[in-house]
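Everything on this sheet refers to the single structure shown next.
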Amino acid sequence: SFVGNSLVDMYATCGFFAEAWKVLDDLPVVSIIPWNALLAGYCEGELFEEVLGCAEKMQSQGLHPNAVTYVCILRACGSLVALEKGLLLHADIVKEETEEDPYIGSALVDMYAKFGLLAEAQGVFDELRARDVVSWSALIAGYALWGLDEVARSCLQKMQSENVLPDVVAWNGVLSSYGEEGECEKAFLVYAQMQEQGLLPDDVTFLSILRSCSSTTDMKTGQVIHAQVLGLSARGV
RNA sequence: AGGGCCAGGUUG
70 SFVGNSLVDM
80 YATCGFFAEA
90 WKVLDDLPVV
100 SIIPWNALLA
110 GYCEGELFEE
120 VLGCAEKMQS
130 QGLHPNAVTY
140 VCILRACGSL
150 VALEKGLLLH
160 ADIVKEETEE
170 DPYIGSALVD
180 MYAKFGLLAE
190 AQGVFDELRA
200 RDVVSWSALI
210 AGYALWGLDE
220 VARSCLQKMQ
230 SENVLPDVVA
240 WNGVLSSYGE
250 EGECEKAFLV
260 YAQMQEQGLL
270 PDDVTFLSIL
280 RSCSSTTDMK
290 TGQVIHAQVL
300 GLSARGV
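Note that the first sequence covers residues 70 to 306 in my numbering.
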């Protein structure tokens with residue numbers, strides 16, 4: 070049956086949902102694992118409506134969501150800005166005392182951030198037992214999403230004072246706030262700080278920076294970044 | 001009781 074679970078996971082991960090369903094329907098034992106695999110596959114494909122539909126179907130079969138299920142549904146609610154559903158979900162999670170789960174915690178932070186309920190996001194974050202680089206990054210990305218780049222940057226400092234080292238995703242989160250605004254100068258400054266920390270930029274880093282440059286006529290900075298990208302790709306990054 | 005197959009953050 071573990072084989073069946075893995076098959077569902079594989080098909081779902083590859084986006085072959087018809088096949089995944091077929092395997093799931095033929096599995097001899099009823100288990101939440103293949104359902105979660107399917108939900109995760111829909112999440113990965115960003116088919117969030119399907120996530121919610123699939124979760125409902127799962128529950129109609131008498132299966133109760135576990136932590137993995139909740140993480141998938143929370144992510145879908147956040148991305149769809151399904152506010153009322155997300156709030157109900159949070160209430161269920163609190164009721165079931167599963168909010169301690171670090172995965173659920175950062176998924177909640179992420180969801181509230183996407184709703185634009187930053188005080189709620191911060192509130193959930195503050196209650197987390199263990200804040201790791203992922204929960205910090207969810208918070209940072211949330212502030213960045215709503216243009217609060219200075220708050221996002223201060224998070225980079227705070228997390229370090231709590232001995233959590235920002236990784237490239239955390240830094241990229243800050244950079245993501247400069248896309249809409251086109252604040253190319255700030256983006257470049259953050260990029261410089263990131264390098265001072267000895268962190269290697271990745272493709273997302275450059276895409277974010279270039280995006281912030283694209284709405285300006287700052288050709289020079291764009292060219293500097295172009296040169297950086299070429300330099301890094303020469304080193305195989 | 002514990003473990004095994006599924007789950008959280010950044011650009012698009």
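Quick reminder that beta carbons are idealized off the backbone N, C-alpha and C, glycines included.
Check: Smallest Cα separation from residue 133: which of 104, 119 and 87?
Finding: For the purposes of this step, residue 133 is taken as residue 64 along the first sequence, with counting starting at 1. For residue 133, the nearest C-alpha among the options comes from 104.
Note to self: If you reduce the DSSP assignment to three classes, tell me which class residue 280 lands in.
What the structure shows: Here residue 280 refers to the residue found at position 211 of the first sequence. Three-state result, residue 280: helix.
Notebook entry, point to check: If you drop the 5 nearest sequence neighbours on each side, which residues of the same chain put their C-beta closer than 6 Å to that of residue 256?
Noted result: To locate residue 256, count along the first sequence from 1; it is residue 187. So the qualifying residues of the chain are 244, 247, 278 and 281.
Next item on the list: Just list the alpha helix (DSSP H) runs in the stretch 213–237, keeping only unbroken ones of 4 residues or longer that don't cross its boundaries, in chain order.
Entry: Runs found: 218–230.
Notebook entry, point to check: Would a C-beta distance cut-off of 7 Å place residue 202 and residue 170 closer than the cut-off?
Noted result: Locating residue 202 in the first sequence gives position 133, counting from the first residue. Locating residue 170 in the first sequence gives position 101, counting from the first residue. Between residue 202 and residue 170, the gap from beta carbon to beta carbon reaches 7 Å or more.
Next item on the list: Identify whether residue 264 lies in helix, strand or coil by the three-state DSSP scheme.
Entry: To locate residue 264, count along the first sequence from 1; it is residue 195. Correct three-state label for residue 264: helix.
Notebook entry, point to check: If you run the structure through DSSP and keep just helix, strand and coil, what is residue 88?
Noted result: For this step, residue 88 is matched to residue 19 along the first sequence. DSSP places residue 88 within a helical segment (H, G or I) once states are collapsed to three.
Next item on the list: Using a threshold of 7 Å, state whether the C-beta atoms of residue 221 and residue 212 are closer than that.
Entry: The residue given as residue 221 occupies position 152 in the first sequence. The residue given as residue 212 occupies position 143 in the first sequence. The Cβ-Cβ distance between residue 221 and residue 212 falls below 7 Å.
Item checked: 7 Å Cβ shell around residue 175 - same chain, five flanking residues per side excluded -> Translated into the one-based positions of the first sequence, residue 175 becomes position 106. Spatial neighbours of residue 175 in its own chain (CB-CB distance under 7 Å, excluding positions within 5 residues in sequence) are listed in chain order as 203, 204 and 207.
Next item on the list: Go through its chain and collect everything with a Cβ distance to residue 70's Cβ below 8 Å, but skip five positions before and after it.
Entry: Numbered from 1 along the first sequence, position 1 holds the residue referred to as residue 70. Same-chain partners within the cutoff: 96, 97, 98 and 100.
Notebook entry, point to check: Is it true that the CB of residue 139 sits closer than 7 Å to the CB of residue 162?
Noted result: If you number the first sequence from 1, residue 162 lands on position 93. If you number the first sequence from 1, residue 139 lands on position 70. Yes, these two residues count as a Cβ contact at 7 Å.
Next item on the list: Starting from residue 159, trace the alpha helix (DSSP H) both ways and give me its first and last residue.
Entry: Stepping through the first sequence from its first residue, residue 159 is reached at position 90. Unbroken alpha helix (DSSP H) run through residue 159: 152–164.
Notebook entry, point to check: At what residue ranges does the stretch 112–148 contain a whole run of the alpha helix (DSSP H), taking only runs of 4 or more?
Noted result: List check, alpha helix (DSSP H) in window: 117–129.
Next item on the list: On a CA-only basis, which of 228, 82 and 147 is nearest residue 179? Give me that one, please.
Entry: Position 110 of the first sequence, counting from 1, holds the residue named residue 179. Measuring from the Cα of residue 179, the nearest candidate turns out to be 147.
Notebook entry, point to check: Taking DSSP as the reference, what is the three-state secondary structure of residue 169?
Noted result: Along the first sequence, read from residue 1 onward, the residue named residue 169 stands at position 100. For residue 169, the secondary structure class from DSSP, reduced to helix, strand or coil, is coil.
Checklist line | Separation of residue 87 from residue 183, as counted between CA atoms | finding: Position 114 of the first sequence, counted from the start, is the residue given in the question as residue 183. Position 18 of the first sequence, counted from the start, is the residue given in the question as residue 87. Answer to the nearest angstrom: the Cα atoms are 30 Å apart.
Next item on the list: Select from 269, 276 and 240 the residue whose C-alpha is nearest the C-alpha of residue 259.
Entry: Locating residue 259 in the first sequence gives position 190, counting from the first residue. Ranking the options by Cα distance to residue 259, first place goes to 240.
Next item on the list: Would you kindly check if the distance between the Cβ of residue 149 and the Cβ of residue 194 is under 7 Å?
Entry: Numbered from its first residue, the first sequence carries residue 194 at position 125. Numbered from its first residue, the first sequence carries residue 149 at position 80. Going by beta carbons, residue 194 and residue 149 fall outside the 7 Å limit.
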